[in-house]
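All remarks here apply to the structure that follows.
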Ligand SMILES: *Cc1c(COP(=O)(O)O)cnc(C)c1O
């Protein structure tokens, strides 16, 4: 089965991991800050806090942005559940904003309309989590302008988008947001097995997120509330978590990072090749705006049963039968039983729901060969013709 995504591990990666395994520190050593600095530098952000996953990073970011019980976090239904769950961890209410019919990213028009109503009803969000779907940056300048106007915080879920850029500005620079989160899960652009990171230009926010990642404990003399009693002394200032990334993982990340540009270029090359070779098939392809350089994490097409003459289900099963590990990104978050139990219903976010019914993710990863890609294309062609 050709998977929809796959990590790429080199001998250099293995050597880097092995070196840490025989060093003094497996965790809380120098490899984590080194990886944080390397990612912050690559993205043009001032601070970075590594975490055990993007989900953990989203959680500490929400806490750092002072999302409190009863507050509201807005995100899109067309994402992984973690984009919304991070708000629930803080006791916040979730609200969703529907997606754009062409980019499948958050619709800025829908956001604007929703904000007008929310202001009238006194239910404005504290935090908005835009998701760079498939690696294409969202319209962050417009979102940032709305954040200034309505006074909410912007937390970019860039789990798909390390290596992407908008108007030459790398995703992660936080030029148009308070913080940005990356995921290093193996299907994402670079990997640390499990792992994530949150970037920001706000020193105070970075410090708090670092505190919350490690039990809320500090030894920093500048932050101690009582007298330092000796070299053993630390203080727990807040109820934090153990969300630390290990040095082993960070070493893998630092070893992968220099290949980021190459990986994203290769993903773009393969995506353009899909665009060309699928051009005549009755499926909808993604619109990527000219100002965006996508990280091409996912290659998603939409199979509309009427237009294609076959349902997504039929196409999906036939692709899997032919050895192509297609997937679906995403079943809308608000239709998950957990969110339905909170009151969300089918019909509330029609674009996301239609996307969820039609989306079909084709294999895309740097080591996918042209021959494998041809196999995917031939299979889809046979099924649709
Ligand atoms: C993968 C992903 C996450 C979660 O990442 P983990 O590192 O697995 O916690 C969150 N949001 C989106 C959009 C993702 O794709």
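Residue numbers (my numbering): 654 to 1038. Virtual Cβ for every residue (Gly too), placed ideally from N, Cα, C. Quick caveat, the model's predicted, so the values are computed rather than measured.
Distance from the Cα of residue 874 is smallest, within the candidate group 866, 846 and 890, for 890. If you look at residue 863, you'll find it in the alpha helix (DSSP H) that goes 856-866. Each residue's CA atom was taken as its position, placing residue 867 and residue 669 some 25 Å apart. The beta carbon of residue 819 lies closer than 7 Å to those of 790, 793, 944 and 945 in the same chain, with the five residues before and after it left out. Sequence-distant partners of residue 682 (beyond 5 residues in either direction) whose C-beta falls short of 6 Å from its own C-beta, in its chain, are 900. Using a C-beta cut-off of 8 Å, the segment 984-1001 makes no contact with the segment 951-959, since fewer than three inter-stretch Cβ pairs fall below that distance.
A distance below 9 Å separates the beta carbons of residue 898 and residue 849. The alpha-carbon separation between residue 768 and residue 870 amounts to approximately 37 Å. Between the segment 661-680 and the segment 819-830 there are fewer than three C-beta pairs closer than 8 Å, too few to call the two in contact. In the DSSP assignment, the residues bridged to residue 780 are 726 and 806. In this structure, the straight-line span from the alpha carbon of residue 906 to that of residue 844 is close to 6 Å. What you get when you keep residues with a C-beta closer than 6 Å to any heavy atom of ligand 1 is 706, 707, 708, 732, 733, 735, 736, 784, 810, 812, 813, 836, 838 and 849.
For the pair residue 832 and residue 717, the CB atoms are nearer than the 9 Å cut-off.
Here residue 836 is bridged, per DSSP, to 849.
Of 960, 732 and 656, the smallest CA-CA separation from residue 708 is found for 732. Contact between residue 1032 and residue 977 holds: CB atoms are separated by about 5 Å, below the 8 Å threshold. Counting along the chain, the unbroken beta strand (DSSP E) around residue 747 starts and ends at 746-749. Residue 721 and residue 706 have their C-alpha atoms spaced approximately 22 Å apart.
Under DSSP, residue 952 forms a beta bridge with 1015.
Proximity to residue 698 across 859, 840 and 735 peaks at 859, based on C-alpha coordinates. Across the set 756, 835 and 816, the C-alpha of 816 shows the shortest separation from the C-alpha of residue 916. Excluding residues up to 5 positions away in sequence, 938 lie with their Cβ nearer than 8 Å to the Cβ of residue 928 in the same chain. According to DSSP, residue pairing for residue 880 in a beta bridge does not occur.
Contact between residue 785 and residue 824 holds, with the beta-carbon distance rounding to 6 Å and staying under 8 Å.
Looking only at 969, 1004 and 992, the smallest Cα-Cα distance to residue 979 is reached by 969. Within the segment 921-991, the runs of alpha helix (DSSP H) that reach at least 4 residues and sit entirely inside it are, in chain order, 958-961 and 965-974. Taking residue 800 as the centre and dropping the five residues before and after it, the same chain places the C-beta of 807 closer than 6 Å to its C-beta, in chain order. Under the 8 Å Cβ criterion, the segment 742-759 counts as touching the segment 1002-1022, having at least three qualifying pairs.
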